[in-house]
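Read through the structure below, which is laid out as structure tokens, and then see the notes.
In this note's numbering, the protein residues as written are 2 to 236.
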């Protein structure tokens with residue numbers, strides 16, 4: 002059964018008033034037109050809000066309808082103004098006596114439209130906040146990446162410098178003159194100096210004939226230190 006709603010006609014002149022008049026099936030058709038499947042389990046208000054966000058993301062401008070503008074500005078509804086006829090008591094009475102008049106419908110539409118506008122403004126602010134957060138995160142990551150690159154560059158320069166110094170020392174060692182190494186024989190613990198009797202004469206006791214045996218005993222103890230084995234043999 003035809004519903005009388007056309008997505009193409011709505012998108013040609015999209016307005017909040019027209020969106021408020023859409024039913025669930027109409028809202029789902031708008032979503033399907035943009036390749037988005039909307040759940041019919043949601044309420045009409047939730048579907049309107051989802052379609053409003055979808056239209057905003059797709060860059061479709063939403064304009065206020067004539068009824069919304071009339072109520073917000075206090076001007077009469079264009080459909081109620083007759084050309085060449087002044088509004089009189091009959092019109093006032095008709096407006097007051099007619100139940101479910103277009104004025105009441107317009108006020109209801111304005112209430113829903115105002116909620117949608119508030120929601121749209123909130124979504125816009127949230128999108129701006131997310132954009133600021135993404136920009137701040139991008140700047141932070143760029144700064145950290147720059148620090149990492151600087152550290153890697155400094156490390157590479159220091160490594161190259163160290164390698165150059167080591168190579169220079171290696172080349173210097175290759176061109177040093179090679180001198181023969183001479184091994185010195187081990188020096189004796191005691192230098193083989195000639196015996197100096199004047200330095201050791203004080204150790205010799207005064208000669209006494211009755212102490213001649215003690216003299217020889219002392220001489221025997223000194224001779225090994227004085228390299229006097231030959232002297233002992235002579236004695």
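Where is the CB? At the ideal position from N, CA and C, for every residue including glycine.
Cβ atoms of residue 115 and residue 63 stay farther apart than 8 Å, at about 13 Å.
Looking only at 27, 120 and 167, the smallest Cα-Cα distance to residue 8 is reached by 27.
In the three-state DSSP reduction, residue 14 falls in the coil class, being neither helix nor strand. Fewer than three Cβ pairs drawn from the segment 43 to 55 and the segment 137 to 151 lie within less than 8 Å of each other, which leaves the two stretches out of contact. Taking all protein chains shown into account, residue 31 has 16 or more neighbouring C-beta atoms within 10 Å of its C-beta and is therefore buried. Excluding five sequence positions before and after residue 124, the CB atoms of its chain that fall closer than 8 Å to its own CB belong to 54 and 57, given in chain order.
Assigned with DSSP and collapsed to three states, residue 41 falls in coil, not helix or strand. When DSSP states are grouped into helix, strand and coil, residue 196 belongs to the coil group.
In the structure shown, residue 22 adopts coil according to DSSP, grouped into three states.
Under the three-state reduction of DSSP, residue 31 is assigned to helix. DSSP, reduced to helix, strand and coil, places residue 63 outside both helices and strands of the structure shown, so it counts as coil. Across the structure, residue 169 and residue 154 are spaced so that their CA atoms are roughly 23 Å apart.
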